[in-house]
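Trainee: The sequence shown begins at 412 in this note's numbering and counts up one residue at a time. We put the CB at the ideal spot given by N, CA and C, even for glycine. This one's a predicted model, so the numbers in the text were calculated from it and none came from an experiment. Structure below; questions to follow.
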Amino acid sequence: MTKILITEFINQNSLENLNKKFDVMYDEKLCENEKKLITMVKDYDGLIVRNKTQLNSNILKNAIKLKFIGRLGVGLDNIDTEYCKNKNIHVQPATGMNADSVAEYVVSSSMSLIKKIPMFHNGTIKGEWPRTTIKSIEIKQKYLGIIGFGTIGKKVAEYSSKNGLKILAYDPYVKEINNKEIDAKLLSLKEIYEKSDIISIHLPLTDETKNLINKSSFSQMKNKPILINTSRGGIINESDLIEAYNKNNISGFALDVFEKEPIESEFYNMIKPGMNCILTPHISGVTTESNIRVSDFIVKKITDFFN
């Protein structure tokens with residue numbers, strides 16, 4: 412019987428459906444134990460992971476029977492895809508299945524930060540009543556610059572345009588926007604920096620995108636924008652981000668992803684009370700509904716593959 416190994420959390424109903432068809436080993440903590448995974452992986456035909464399982468060549472070279480990797484999410488930077496390609500291991504992300512969840516996160520963060528709600532909250536709970544000392548603005552007719560215009564970037568554009576934002580987009584692999592529901596203008600990265608009131612990042616982490624947003628980028632941001640990152644932490648240089656905020660080059664930021672996860676004291680010690688910021692533990696794409704969609708999608712794909 413085909414054997415499937417799952418190393419991170421999956422929707423329970425999806426797991427039950429998988430158990431009906433395959434010999435399944437489920438251990439959602441296995442992602443934290445590389446030595447144990449190296450020992451176990453040799454016996455399995457299929458593997459299902461999220462982003463914490465680091466499928467490097469050190470692990471994959473022991474996966475002598477492996478034919479399929481299902482990724483409960485979209486980013487593939489934790490999987491050595493080149494090795495998989497050379498060994499004819501099929502890698503399947505759950506493309507688009509968490510796009511609505513991420514789009515909601517971007518819209519809600521945009522509204523919260525442009526209204527300076529974290530700052531109002533912090534002042535109010537300290538008894539300061541900062542009703543007139545902190546100024547907020549409306550989101551309507553502001554420019555949202557979306558860096559990376561793939562499935563999630565387009566979904567963010569759809570949600571945001573319905574809330575009155577004007578959409579600017581940058582993606583070197585997109586030559587034109589044919590979606591009638593999205594009124595967006597393709598611009599250069601420099602123009603995105605110069606014109607945006609809010610910037611949302613939707614890129615994979617590659618050698619090309621690592622530290623893409625840095626001190627030089629912040630110096631080009633004329634409108635003191637809000638930055639939102641729900642893609643991968645290494646795309647923004649975190650030290651440069653905090654420096655840009657402290658120098659008033661940007662007016663706020665929402666980070667759902669970080670260079671090191673969980674975040675370490677080196678970063679969170681730079682976050683001071685009263686900052687206009689939102690920090691969350693890589694949950695923008697993880698909701699009850701998206702977990703069901705992502706899990707069901709991968710279960711169907713792995714079932715189809717082995718059938």
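Starting from the Cα of Thr-544, find the closest Cα among Gln-552, Gln-503 and Thr-535 and give me that residue.
Mentor: As a first step, residue 544 must be located in the sequence shown, where it is residue number 133. Residue Thr-535 is the option with its Cα nearest to Thr-544.
Trainee: Short of 7 Å in beta carbon distance, which residues of its chain neighbour Val-710, apart from the five on each side in sequence? Order them along the chain.
Mentor: Your numbering for residue 710 matches position 299 in the sequence shown. Ser-425, Asn-428 and Leu-429, listed in sequence order.
Trainee: How many angstroms separate the CA atom of Thr-691 from the CA atom of Ala-580?
Mentor: Counted from its first residue, the sequence shown places residue 691 at position 280. Counted from its first residue, the sequence shown places residue 580 at position 169. If I take the Cα positions, the gap works out to 25 Å.
Trainee: Where do the ends of the alpha helix (DSSP H) carrying Ala-510 lie?
Mentor: Position 99 of the sequence shown, counted from the start, is the residue given in the question as residue 510. Segment 510 to 525, the alpha helix (DSSP H) holding Ala-510.
Trainee: Could you check what DSSP says for Gly-575 in three-state terms: helix, strand or coil?
Mentor: Here residue 575 is taken as the residue at index 164 of the sequence shown, counted from 1. Of the three classes helix, strand and coil, the one that applies to Gly-575 here is coil, per DSSP.
Trainee: For Ile-661 versus Pro-636, is the C-beta distance shorter than 9 Å?
Mentor: Reading the sequence shown from its first residue, position 250 is the one you call residue 661. Reading the sequence shown from its first residue, position 225 is the one you call residue 636. The answer is yes: Cβ separation under 9 Å.
Trainee: When you compare only the Cα positions, how much space is there between Asp-454 and Val-668?
Mentor: Numbered from 1 along the sequence shown, position 43 holds the residue referred to as residue 454. Numbered from 1 along the sequence shown, position 257 holds the residue referred to as residue 668. Taking the straight line joining both Cα atoms gives about 33 Å.
Trainee: By the DSSP assignment, the alpha helix (DSSP H) with Lys-711 in it spans what residues?
Mentor: Reading the sequence shown from its first residue, position 300 is the one you call residue 711. Start and end: 699 to 717.
Trainee: Output the residue ranges of the beta strand (DSSP E) runs that lie fully inside the stretch 669 to 700 and measure 3 residues or longer, sorted by chain position.
Mentor: As far as the stretch 669 to 700 is concerned, its whole beta strand (DSSP E) runs of at least 3 residues are 688 to 690.
Trainee: Please tell me whether Leu-616 and Gly-645 are closer than 9 Å, where the distance is taken between their beta carbons.
Mentor: The residue you call residue 616 lines up with position 205 of the sequence shown. The residue you call residue 645 lines up with position 234 of the sequence shown. Cβ atoms of Leu-616 and Gly-645: closer than 9 Å.
Trainee: Which of helix, strand or coil does DSSP assign to Gly-534?
Mentor: Residue numbering aside, residue 534 sits at position 123 when the sequence shown is read from its first letter. Here Gly-534 sits in helix by DSSP.
Trainee: Give me, in chain order, the residues of the same chain whose beta-carbon lies closer than 6 Å to that of Leu-597; leave out the 5 immediate sequence neighbours on both sides.
Mentor: Within the sequence shown, numbered from 1, the residue matching residue 597 stands at position 186. Taken in chain order, the residues that qualify are Ala-580.
Trainee: Which residues in the same chain as Leu-600 place their Cβ atom closer than 6 Å to its Cβ, once the five residues preceding and following it in sequence are excluded?
Mentor: Counting from 1 along the sequence shown, the entry for residue 600 is found at position 189. The residues are Tyr-581.
Trainee: Could you tell me the alpha carbon to alpha carbon distance between Asn-533 and Ala-655, rounded to whole angstroms?
Mentor: Reading the sequence shown from its first residue, position 122 is the one you call residue 533. Reading the sequence shown from its first residue, position 244 is the one you call residue 655. Cα to Cα, the separation comes out at about 21 Å.
Trainee: So, under 8 Å CB-CB, Leu-576 and Lys-553 are touching, yes? Tell me the CB distance rounded to an integer number of Å.
Mentor: The sequence position of residue 576 within the sequence shown is 165, counting from 1. The sequence position of residue 553 within the sequence shown is 142, counting from 1. At roughly 6 Å, the Cβ-Cβ gap stays under 8 Å, so Leu-576 and Lys-553 are in contact.
Trainee: What does DSSP give as the partner residue(s) for Tyr-554 in the beta ladder?
Mentor: Here residue 554 refers to the residue found at position 143 of the sequence shown. In DSSP, Tyr-554 forms a bridge with Lys-577.
Trainee: Can you tell me the Cα-Cα spacing of Asn-680 and Ser-642, whole angstroms?
Mentor: Translated into the one-based positions of the sequence shown, residue 680 becomes position 269. Translated into the one-based positions of the sequence shown, residue 642 becomes position 231. So the alpha carbons of these two residues sit roughly 23 Å apart.
Trainee: So Val-705 and Met-508 are in contact, right, with Cβ under 8 Å, and what is the actual spacing, rounded?
Mentor: Position 294 of the sequence shown, counted from the start, is the residue given in the question as residue 705. Position 97 of the sequence shown, counted from the start, is the residue given in the question as residue 508. About 4 Å separates the two Cβ atoms, so the contact holds.
Trainee: Starting from Phe-664 and walking both ways along the beta strand (DSSP E), at which residues does that stretch end?
Mentor: The residue given as residue 664 occupies position 253 in the sequence shown. Unbroken beta strand (DSSP E) run through Phe-664: 663 to 666.
Trainee: On the three-state DSSP scale, how would you describe Gly-559?
Mentor: Your numbering for residue 559 matches position 148 in the sequence shown. Here Gly-559 sits in coil by DSSP.
Trainee: Can you tell me whether Leu-471 is helix, strand or coil according to DSSP?
Mentor: The residue given as residue 471 occupies position 60 in the sequence shown. Of the three classes helix, strand and coil, the one that applies to Leu-471 here is helix, per DSSP.
Trainee: Kindly give me the distance between the Cβ atoms of Glu-419 and Leu-471, rounded to whole angstroms, as I take these residues to be in contact under 8 Å.
Mentor: Locating residue 419 in the sequence shown gives position 8, counting from the first residue. Locating residue 471 in the sequence shown gives position 60, counting from the first residue. Actually they do not touch by this definition, with Cβ atoms about 17 Å apart.
Trainee: Does DSSP classify Gln-503 as helix, strand or coil?
Mentor: Within the sequence shown, numbered from 1, the residue matching residue 503 stands at position 92. The answer is strand: DSSP assigns Gln-503 an E or B state.
Trainee: Asn-625 and Ile-647 - do their beta-carbons sit closer together than 9 Å?
Mentor: Position 236 of the sequence shown, counted from the start, is the residue given in the question as residue 647. Position 214 of the sequence shown, counted from the start, is the residue given in the question as residue 625. In contact: Ile-647 and Asn-625 (Cβ atoms closer than 9 Å).
Trainee: When we look at the beta-carbon of Thr-464 and count the other beta-carbons within 10 Å, is it buried (16 or more) or exposed?
Mentor: Numbered from its first residue, the sequence shown carries residue 464 at position 53. Counting Cβ neighbours within 10 Å, Thr-464 comes out buried, since at least 16 surround it.
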